[in-house]
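Working notes, structure below.
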Amino acid sequence: MAPSDPIPIETAHEDMIHDAQLDYYGKRLATCSSDRTIKVFDVVDGEPQRGAGQTLKGHTGPVWQVAWAHPKFGHILASCSYDGKVIIWKEQQPSSAGWAKIKEHSLHTASVNSVSWAPHELGAILACASSDGKISVLTFKDDGQWGADVFEAHAIGCNAVSWAPAARAGSLLAPNAGGRRPAPAKRFASAGCDNIVKIWGFSEETQAWVEEDVLEGHADWVRDVAWAPNIGLPRSYIATASQDKTVLVWTKDTPSAPWAKTALDPSVSAAPSAGATPGKFPDVVWRVSWSLAGNVLAVSCGDGKVTLWKENLKGGWECVSDVSS
Amino acid sequence: MTVIRLYPPLFEEGKHAKFLDSGHTLCAAQSPRDNSVAVFATNVYKVNSQAPRSLEDKHSDPRDIYTASTDRVPSAERRLFVTDTSVVFASLQDFKNNHSEQDSLIGRSEQVSPVLIKHAVDYVRIVVDSWAQASPLQYDDNHYRILYNCLSLFVVLYLPEAGFDDAPVGEELMEWLNTHFIEPSSEEGDHLSSQDKPWQDETFWPYLTSSHPRIVQFSTEREFVVALRRWKEKVKSLRLELDRVPEDAREDDFENWWKPFSNIVGILEGRPEIIQNICIELNADWKEVCAAWSIFVNHRLRRQDLPEVVNQILEIMPPDPTDLEDTIHVALFRGETMEALSHAAKLDGWLAAHWVDLMEPLDLLTPRVSDDSDISVRDQYVLSYADYLHSDPVLWRITVAYMCSCGSIGRERADQVLLRVPISFNRSVAGSHDANVSVEVPDALRAVVETCHEYGRESVRRMVCTIAAQNFLRRKEYGLGVSYATSAENWTWLGRIVDAVLTEYIKHGPEVFARSVAAVAPSLQELRAHPGADGVFTHRLLFAVRYAEFHQRRLNGDLQEAALDILTMFNEGLAPRTWWGVLLCDAVDLVRNDNLMLYSSSGAVELLKRLEEVHLGASQGAGDDYLSILMVTMKGSDESEALQRLKSARLSLAKYYAKCTMVAGGRDISGSRVGIIAV
Chain E
1 MAPSDPIPIE TAHEDMIHDA QLDYYGKRLA TCSSDRTIKV FDVVDGEPQR
51 GAGQTLKGHT GPVWQVAWAH PKFGHILASC SYDGKVIIWK EQQPSSAGWA
101 KIKEHSLHTA SVNSVSWAPH ELGAILACAS SDGKISVLTF KDDGQWGADV
151 FEAHAIGCNA VSWAPAARAG SLLAPNAGGR RPAPAKRFAS AGCDNIVKIW
201 GFSEETQAWV EEDVLEGHAD WVRDVAWAPN IGLPRSYIAT ASQDKTVLVW
251 TKDTPSAPWA KTALDPSVSA APSAGATPGK FPDVVWRVSW SLAGNVLAVS
301 CGDGKVTLWK ENLKGGWECV SDVSS
Chain W
1 MTVIRLYPPL FEEGKHAKFL DSGHTLCAAQ SPRDNSVAVF ATNVYKVNSQ
51 APRSLEDKHS DPRDIYTAST DRVPSAERRL FVTDTSVVFA SLQDFKNNHS
101 EQDSLIGRSE QVSPVLIKHA VDYVRIVVDS WAQASPLQYD DNHYRILYNC
151 LSLFVVLYLP EAGFDDAPVG EELMEWLNTH FIEPSSEEGD HLSSQDKPWQ
201 DETFWPYLTS SHPRIVQFST EREFVVALRR WKEKVKSLRL ELDRVPEDAR
251 EDDFENWWKP FSNIVGILEG RPEIIQNICI ELNADWKEVC AAWSIFVNHR
301 LRRQDLPEVV NQILEIMPPD PTDLEDTIHV ALFRGETMEA LSHAAKLDGW
351 LAAHWVDLME PLDLLTPRVS DDSDISVRDQ YVLSYADYLH SDPVLWRITV
401 AYMCSCGSIG RERADQVLLR VPISFNRSVA GSHDANVSVE VPDALRAVVE
451 TCHEYGRESV RRMVCTIAAQ NFLRRKEYGL GVSYATSAEN WTWLGRIVDA
501 VLTEYIKHGP EVFARSVAAV APSLQELRAH PGADGVFTHR LLFAVRYAEF
551 HQRRLNGDLQ EAALDILTMF NEGLAPRTWW GVLLCDAVDL VRNDNLMLYS
601 SSGAVELLKR LEEVHLGASQ GAGDDYLSIL MVTMKGSDES EALQRLKSAR
651 LSLAKYYAKC TMVAGGRDIS GSRVGIIAV
């Protein structure tokens, strides 16, 4: 099946774009930029709709990431910026009234690099990672107020944060004794400038976030971490991207098993470049993200290419697509 | 591996290094809707917020976002093909599900084979139909021809008629070959004999086989064997005659006629080496040798014996490794079904998916479950095909159908697809209270709910209904909101909708309120019948309905009934405490109508008792409990003003009570004592 010609969408941002995210239904695209704004477009079959783009202003520095919340909360977008703020926006009704800020969160003292919404089963919860070394978790409570937990995570700075899916891996394959559904897991992974990835879990007894695990394997700053959606398989998957030019996929077969790592190997792809080192990408790896079903991993590398990877039948990872200019 | 290049390109050929040096790189976000990816250029030094140097010679704006996809969205004819075959697939799944209890599904039982054959033949038929319509844009007619060839070969080799498993396969092989590779012609033998090299004529094989006894011509194998023996005798005598021809007579003016004739007889005798040589000369390939072998050399060749014969032939006539179709044929002949599948997947995911589905009940897949993942081989190919279908969001129903046939993992993936089917509630009626505008439930919503029912995806159905309820609430379509919230069993949202309806009264007054409730009232019955319905919310809805009825009656002038409504609401405990203030004021408004005695004295007493309770509560600091709604309707007045209003209400009520007792002929209502009326 031959690949198709991509069609570009003109965003009209005045400066570099840092993030673009499609909403839950894939019908709207939110982009954020160094021009301090966020733009939201309706997208139908890859084409932006005329007159439907809206600009959200409120940050005073480059905006690094945007994240859409689950539609059951309404039309909600979170953004984080170099100005140390996290803003939560909500689309007003009717939709022609535009977007309004419903919360501005300024608990960080340095650039906030990444925001991520928790699985909707846990409620409206947002995790934010900042260069001040701390992670904050914002929870929207029943009384309409936002609660915040802030704690030290990675000494030099945190680059990314990603939540675990709510259903415990394997919960649907192995029937639970007594037929009760297991309580949703409240945990996330954070990537830091200290070269490690930490896994944090919420302890109900102490009502605080506890460091559950440490994943060591990278030799330089970990730039991004992505926890795969769990589609009934017994394993949990986490992908991490690092400045040391590697992408590691961490797997855990059962809740009590340790995390095992596999490195993605671009040198076995169809056209390996001269002098390619096994297990290493040509350049720093910046972003990793999983597809909806958790079966495709998109890797964005500093050599100007995006590659898509799938797990093959033998448990290894192979590159299935290569996107470049 | 597929390579996708962005168009228009961000930078020219050779400027790659410059792009990188200026601090740019590519980033991507995957779409949940289909298999597309949004790609954009971004800067690399974001943590240090160092702005990238501007790109020179750029062909396209680096602030554009590209969308790319690895799969080509099916075009119209392909979509039709996919849809038609999905019907056959669904029918086969139904059959499998109905027979899953019997373990006779594995193996070629009498019941299973005909069903499989029928479905395989249906697929073939659809392929042929699509072939006729193939447009050059996506999959050309050559592609469908290959599908046709492979599918029919599969039917020949692996799906014999029930009971014919051990029957000789030659006949059918030859037929397959003739149908698919050699165009049949109706010319007769004299045409052949008039040629110098008759075997180069396209009718050669059909002619030879037409004279050779064919098993289909006989009703029992024994008769066939007898006829064959007689034929062989004739051939033998022909050979003897031929061999008697002296050497020098074997040539005529043109050439050596004897040799070719001897070869023909050799074929009829069933000599393998002659057949092979002829085929090599003919530029025929291994398939023709196989077919010829199965007719002339070993007429009793069975399907099981084919792999050995094929391997022999292939040693001398190797297949073309660059020809994917041929590779598939080789694998099928050799019985290497797993090989055939993996090559088929490269040709067209459709073929692999539907084949593996037919192969599984025939126990042709080894191993059935791949070692590392927990997905069976069948599921893997079908899911891979379903992923391809997902590239076209319009085909979501078919995508879900295929995914749901793949066990729990497939069903969960289907959930994700179902959850993300966009539903447009496109009419926005904010601010409009026109009850005459009919409300439409979006088709997509109906379709998703129906599909959830079909495949038993309860949790998805509830989530979709909850989101629908929210959307209806936002559009003030309360009736539908309540209906979907009930369907989702999301009582919190039901409560919210009822509260919103009640708020209508506060904000817009009784008429609008009555209309809003009218939309909601039909759901009440449904709700009461619902076993899991939370009593609190049902109660609240009931109150809303009753209160609306009260207003409706008042508006219609049916004051007596209206008065009774208020009393009933109090007596049945329907009225929430926060609304007492409002209700009491409403009740007293009726009382102020001098001409009518709407309440009996016991009614009046009841109202006075409630008033007393409110005052008592207010004096103890719980005024909010009773007066909050009243205060809001009095346009944000505070508690003292509300109390003032209630005091005047109490005065009116007391006067009324006095009138009551007078009218009743001075008969005192026994037992009831009214509190001291303070002025």
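Sequences listed follow chains E and W, in order.
Quick note on numbering: the first sequence equals residues 1 to 325 in the UniProt record's numbering.
Quick note on numbering: the second sequence equals residues 1 to 679 in the UniProt record's numbering.
No residue lacks a Cβ here, since even glycine has one placed at the ideal position from N, Cα and C.
As the structure is a computational prediction, the values presented were derived from the model and not from experiment.
Exposure label - residue i; buried when at least 16 CB within 10 Å
i        : result
W/Ile316 : exposed
W/Phe164 : exposed
W/Val644 : Checking the sequence, you will find Gln at residue 644 of chain W rather than Val. Exposed, because fewer than 16 other Cβ atoms sit within 10 Å of the Cβ of W/Gln644.
W/Gly170 : buried
W/Gly431 : Note on W/Gly431: pLDDT 38, under 50, position unreliable in the model; no value is reported.
W/Asp285 : buried
W/Glu360 : buried
W/Asp363 : exposed
W/Ser405 : buried
W/Thr67  : buried
Residue-chain proximity (residue i, chain E), Cβ-Cβ < 9 angstroms
i        : result
W/Val37  : yes
W/Val310 : no
W/Val421 : yes
W/Pro442 : no
W/Val356 : no
W/Lys393 : The question names Lys, yet the displayed sequence has Pro at residue 393 of chain W. Chain E, which has a Cβ nearer than 9 angstroms to the Cβ of W/Pro393, makes this yes.
W/Asp387 : yes
9 angstroms Cβ cutoff, residue i in contact with chain W
i        : result
E/Ala155 : no
E/Gly123 : no
E/Asp220 : no
E/Leu215 : no
E/Ala293 : yes
E/Thr262 : no
E/Leu29  : yes
E/Val225 : no
E/Val40  : no
E/Val43  : yes
N- and C-terminal bounds of the alpha helix (DSSP H) containing residue i
i        : result
W/Phe81  : 76–98
W/Ile566 : 559–571
W/Ser130 : 112–133
W/Val245 : No alpha helix (DSSP H) contains W/Val245, which DSSP labels as neither H nor E.
W/Asp499 : 491–508
E/Cys193 : That residue, E/Cys193, is in no alpha helix (DSSP H); it is neither H nor E in DSSP.
W/Cys585 : 580–591
W/Cys406 : Note, W/Cys406: premise wrong, no alpha helix (DSSP H); not H, not E.
Chain-ordered chain E contacts of residue i [CB-CB under 9 angstroms]
i       : result
W/Ala28 : Ala20, Arg287, Ser289, Ala298, Val299, Ser300, Val306, Leu308, Val323
8 angstroms Cβ cut-off: residues of chain E touching residue i
i        : result
W/Ile467 : Pro71, Lys72
W/Gln416 : Pro229, Ile231, Leu292, Ala293
Residue i: contacting residues in chain E (beta-carbon distance under 7 angstroms)
i                      : result
W/Phe40                : Ile17, Ala20
residue 683 of chain W : Here chain W covers residues 1 to 679 and nothing more, so residue 683 of chain W does not appear.
W/Arg413               : Ile231, Ala293
Residue i beta carbon near the ligand SAH (any heavy atom closer than 8 angstroms)
i        : result
W/Ala649 : Among the components modelled here there is no ligand, and therefore nothing to report on the ligand SAH.
First through last residue of the beta strand (DSSP E) which encompasses residue i
i        : result
W/Tyr478 : Note, W/Tyr478: premise wrong, no beta strand (DSSP E); alpha helix (DSSP H) at 478–487.
E/Phe151 : 146–152
E/Asp213 : 208–216
Proximal chain C residues relative to residue i, where beta-carbon distance stays under 7 angstroms
i        : result
W/Arg474 : The structure shown contains no chain C; the protein chains it does contain are E and W.
For this session: Determine contact between the segment 147–163 of chain E and the segment 96–115 of chain E, defined as no fewer than three beta-carbon pairs at a distance below 8 angstroms.
Result: Contact between the segment 147–163 of chain E and the segment 96–115 of chain E is present, with at least three C-beta pairs closer than 8 angstroms.
Problem set entry | Cβ contact (3+ pairs, closer than 8 angstroms) linking the segment 208–217 of chain E and the segment 228–237 of chain E | The segment 208–217 of chain E vs the segment 228–237 of chain E: no contact.
For this session: Decide yes or no for the touch test of the segment 567–587 of chain W against the segment 627–642 of chain W: beta carbon pairs closer than 8 angstroms, at least 3 of them.
Result: The segment 567–587 of chain W is in contact with the segment 627–642 of chain W.
For this session: Answer yes if the segment 514–527 of chain W comes into contact with the segment 481–490 of chain W, meaning at least three C-beta pairs across the two stretches below 8 angstroms, and no otherwise.
Result: Flag = yes, the segment 481–490 of chain W and the segment 514–527 of chain W touch.
Exercise. Does the segment 13–30 of chain E touch the segment 65–75 of chain E, meaning 3 or more C-beta pairs lie closer than 8 angstroms?
Worked result: Contact between the segment 65–75 of chain E and the segment 13–30 of chain E is present: 3 or more CB-CB pairs across the two stretches fall below 8 angstroms.
For this session: Mind the definition here: the segment 460–470 of chain W touches the segment 67–82 of chain E only if three or more C-beta pairs lie below 8 angstroms; say whether that holds.
Result: In short, these stretches touch, since the Cβ pair count reaches three.
For this session: Assess, as a yes-or-no matter, whether the segment 182–192 of chain E is touched by the segment 97–105 of chain E under the definition of 3 or more beta carbon pairs within less than 8 angstroms.
Result: The answer is no - the segment 182–192 of chain E does not touch the segment 97–105 of chain E, with fewer than three Cβ pairs under 8 angstroms.
Problem set entry | Segment contact, 8 angstroms Cβ cut-off, at least three pairs: the segment 599–613 of chain W with the segment 548–562 of chain W | Taking 8 angstroms as the limit for Cβ pairs, the verdict is that the segment 548–562 of chain W does not touch the segment 599–613 of chain W.
For this session: Indicate whether the contact test is met: 3 or more Cβ pairs, each with one atom in the segment 121–133 of chain W and one in the segment 143–160 of chain W, closer than 8 angstroms.
Result: They touch, by the three-pair rule.
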